[in-house]
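Participant:
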Amino acid sequence: MGRPKELTEEEKRELLAQGYRPVEVWLPDMSDPAVLARADAEAKRIARADQEEDIMEWIDAVQKDMWEGEDQI
1393 MGRPKELTEE EKRELLAQGY RPVEVWLPDM SDPAVLARAD AEAKRIARAD QEEDIMEWID
1453 AVQKDMWEGE DQI
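1393 is the number of the first residue of the sequence shown in our numbering; add one for each residue after it.
This is how it looks when you write it as structure tokens:
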């Protein structure tokens, strides 16, 4: 895939004038077997956690604290 074409200085100035700003984004390399293995392991842990009986009670308790007082803003 490679890198995108570099913008000229004029193109950069135009975009900045329009309110855009440059942002660099780093994503996992899904062609790397180690990254795929880690993602697979995380997905399996999530699936197992969803089967746990007490997970919903924990989520409810965390959410309650998280949103407490929001209606007073």
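Idealized CB from N, CA, C, for every residue including glycine.
Using the C-alpha atoms, what's the distance from Lys-1436 back to Gly-1411?
Facilitator: For Gly-1411 and Lys-1436, the distance between alpha carbons rounds to 42 Å.
Participant: So, helix, strand or coil for Pro-1425, using DSSP?
Facilitator: In the structure shown, Pro-1425 sits in a helix (DSSP, three-state: H, G or I).
Participant: Hey, how far is the Cα of Gln-1455 from the Cα of Leu-1419?
Facilitator: Approximately 29 Å between the Cα atoms of the pair.
Participant: Just reading off the alpha helix (DSSP H) that Glu-1402 is part of, what are its end residues?
Facilitator: Run containing Glu-1402: 1401–1409, per the alpha helix (DSSP H) assignment.
Participant: Given Asp-1424, which residues of its chain have a CB within under 6 Å of its CB, disregarding the five upstream and five downstream residues?
Facilitator: Around Asp-1424: no qualifying Cβ.
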